[in-house]
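Single-structure report; data block below.
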Amino acid sequence: GDSVTQMEGPVTLSEEACLTINCTYTATGYPSLFWYVQYPGEGLQLLLKATKADDKGSNKGFEATYRKETTSFHLEKGSVQVSDSAVYFCALSEKAAGNKLTFGGGTRVLVKP
Amino acid sequence: NAGVMQNPRHLVRRRGQEARLRCSPMKGHSHVYWYRQLPEEGLKFMVYLQKENIIDESGMPKERFSAEFPKEGPSILRIQQVVRGDSAAYFCASSPDRGNLRNQPQHFGDGTRLSIL
Chain A
-14 GDSVTQMEGP VTLSEEACLT INCTYTATGY PSLFWYVQYP GEGLQLLLKA TKADDKGSNK
46 GFEATYRKET TSFHLEKGSV QVSDSAVYFC ALSEKAAGNK LTFGGGTRVL VKP
Chain B
93 NAGVMQNPRH LVRRRGQEAR LRCSPMKGHS HVYWYRQLPE EGLKFMVYLQ KENIIDESGM
153 PKERFSAEFP KEGPSILRIQ QVVRGDSAAY FCASSPDRGN LRNQPQHFGD GTRLSIL
């Protein structure tokens, strides 16, 4: 079945540092890929997405590129802020599976001033 | 346009009681998904419904759990005879009716945090 693996946290950074969260996936078909962010006590918010190979999703300074050859979708940000402290989830969906989302375990990021 | 609305935000039940969780999707959305998040874990798919129909319930426990999405009103996730292991955050997501479903992101509610005493 489909699966998503992402690096475990917590990841602790100083403000303005670079952030990379690795994400790899296994899928039977040709999935769409997503990054969601969860702030404390809230639901998930879509951060960015990519629907085909070599697509780059970007939003709020975050980027991720759909790499079919390495089955990866790593999340990057060049300069983090304290407000980026949250849990980040990598996820995939497949049309053949009714577009239900398969999530990674989440990576907690803490940015210190 | 209001987002996905879930209620209650917090629900406390004693073992053996029933829990009912409600989800109103965004306007214009007829696809509803339920996910469960255990403490310090990712979300796991439970069930996918489209107005009055269960499309995929492959993630639902075989007993005690049921879901519905009637023609009128919110989607309901029902857990009968709750046990301690049911303690979790339950999230509902919806996606729109139009367009290529593959490219439509799911919009999440803020979840219901269920605690079993």
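Residue numbers (the numbering used here), protein chains in the order written: chain A, -14 to 98; chain B, 93 to 209. Where a beta carbon is used, it is the ideal one built from N, C-alpha and C, also for glycine. Predicted, not measured: the structure shown is a model, and the values here were computed from it.
Inside the segment 116 to 150 of chain B, DSSP marks whole beta strand (DSSP E) runs of 3 or more residues at positions 121 to 129, 135 to 142 and 145 to 148, from first to last along the chain. The beta carbon of residue 161 of chain B sits no closer than 9 Å to any beta carbon of chain A. At least one CB atom of chain A sits nearer than 9 Å to the CB of residue 133 of chain B. The way I'd put it, the segment 3 to 10 of chain A does touch the segment 47 to 64 of chain A; three or more beta-carbon pairs between them come closer than 8 Å. Within chain B, the C-beta atoms nearer than 8 Å to that of residue 86 of chain A come from 125, 127, 135, 137, 185 and 198, in chain order.
The C-alpha of residue 120 of chain B lies about 15 Å from the C-alpha of residue 201 of chain B.
The alpha-carbon of residue 138 of chain B is positioned some 15 Å away from that of residue 206 of chain B.
Residues of the same chain with a CB within less than 6 Å of the CB of residue 17 of chain A, apart from the 5 flanking positions on each side, are 36 and 78 in chain order. For residue 202 of chain B, the neighbours in chain A by C-beta distance under 8 Å run, in chain order, 26, 27 and 28. Contact with chain A is absent for residue 173 of chain B, since none of that chain's Cβ atoms lies less than 9 Å from the residue's Cβ. Burial state of residue 67 of chain A is exposed, judged by a 10 Å Cβ sphere holding fewer than 16 other Cβ atoms. For the options B/196, B/152 and B/182, the alpha carbon positioned closest to that of residue 115 of chain B is the one of B/182. When only Cα atoms are considered, residue 132 of chain B and residue 73 of chain A end up about 12 Å apart.
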